[in-house]
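Structure record follows, encoded as C-alpha cells.
Residue numbers (UniProt numbering): 1 to 299.
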C-alpha cells in the first residue's frame, strides 16, 4: 500500500512539472520556501563526478519500501547545500527519480541562474524571465500549490567572485565537477556568460562614474565661464561709459577750438580796424589848420 502511495506521489510531481507554466519564474516562491544560496562564491560547492545510479525510492524484492538510499542522498544534498531549504532538496531528489547526480546538477544550475538574475538586477535592468533561459530540466522544486500559497518573492542571490583568483577557483571547481565533456562545456559556457556580465557591469559602473566626474567638471567650467562672462560684461559696460565721456570731452574740445579760431579772426579784424583808425587820426592831425589845437571831440 505504501509503495502505491509513493508511486502516486512521484507521478503527481512529474505531472505538476509537466503542467508548470513557462511564463512563471521558478523563483516565484514564498520567503519560507526560497532557495538560500551562500553569499560567498567559494561556498558554491559541486559534487564530484560519480556514476549515475538509479536507486529510486521504491520497493525491493520483498515489497518493503527502501528508504536508506533516499535518506543517504538527502543527507548528501544537505551537506552540499547547507543553506538551502530541505523541502527544495526533497522535491529536487524526487523530481530526478532519486538520481543524486541529476538532482545536484539541477540545484547547481538553479544557483547559477539565480546568480545571473542577481547580476541583472544589480545593473538596474528589467530582465525578462524568458531571456534568463533557466535550465530547469528535471528540477521540480516548485509546484502549483506552493505558488498559490504566498505572493511572488524575489529569487535567491549569489555573490559573484570579486577578483581573478576567485574566478579561477570557480572555473577550476566547475571543470573538476563536470561529469563529461558536454557537461564541462555547459558549465564553462554558463560561467563565461556570468563573467562577461560581471565585466560589463563593472565597465558600465566605471563609465558611469567617469561620466559623472566629467559632468561635474563641465559644470564647474560652465560656472567659471559664466562668472568670467559677468565680469567681462561689467568691464565692457564701464569701458563704454568711459568711451562715451571721452567722446563728449572731445566734442567739447573741438567746439572750443572753433571758438578760439573765431576769436582769433575777430581779433585780427579788430587790429586791422584799429590800425586804420590810427592812420585816419594821424592824417586828420596833419591836415589840421591850427596845430596844437585838437578838436574837442577828438582825443
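Backbone N, C-alpha and C define an ideal beta-carbon position, used for all residues, glycine too. Quick caveat: nothing in here was measured; it's all calculated off a predicted structure.
Query: Spatial distance of residue 223 from residue 81 (CA atoms); Result: 57 Å
Query: Any chain B beta carbon closer than 8 Å to residue 242; Result: No chain B appears in this structure, which consists of one protein chain only.
Query: Segment limits, alpha helix (DSSP H) that includes residue 267; Result: 181-286
Query: Reduced DSSP category for residue 80 - H, G, I as helix; E, B as strand; rest coil; Result: helix
Query: Buried or exposed (CB count within 10 angstroms, at least 16 for buried), residue 240; Result: exposed
Query: Enclosing alpha helix (DSSP H) for residue 95 [first to last residue]; Result: 86-95
Query: Through-space distance from residue 73 to residue 58, alpha-carbon basis; Result: Reliability of the predicted coordinates at residue 58 is poor, the pLDDT of 42 falling under 50, and no value is obtained from them.
Query: Sub-8 Å separation of residue 93 and residue 78 beta-carbons; Result: no
Query: Reduced DSSP category for residue 160 - H, G, I as helix; E, B as strand; rest coil; Result: coil
Query: Nonlocal neighbours in the same chain, by C-beta distance under 7 Å from residue 171, ignoring five residues either side; Result: 191
Query: C-alpha gap between residue 101 and residue 215, whole angstroms; Result: 53 Å
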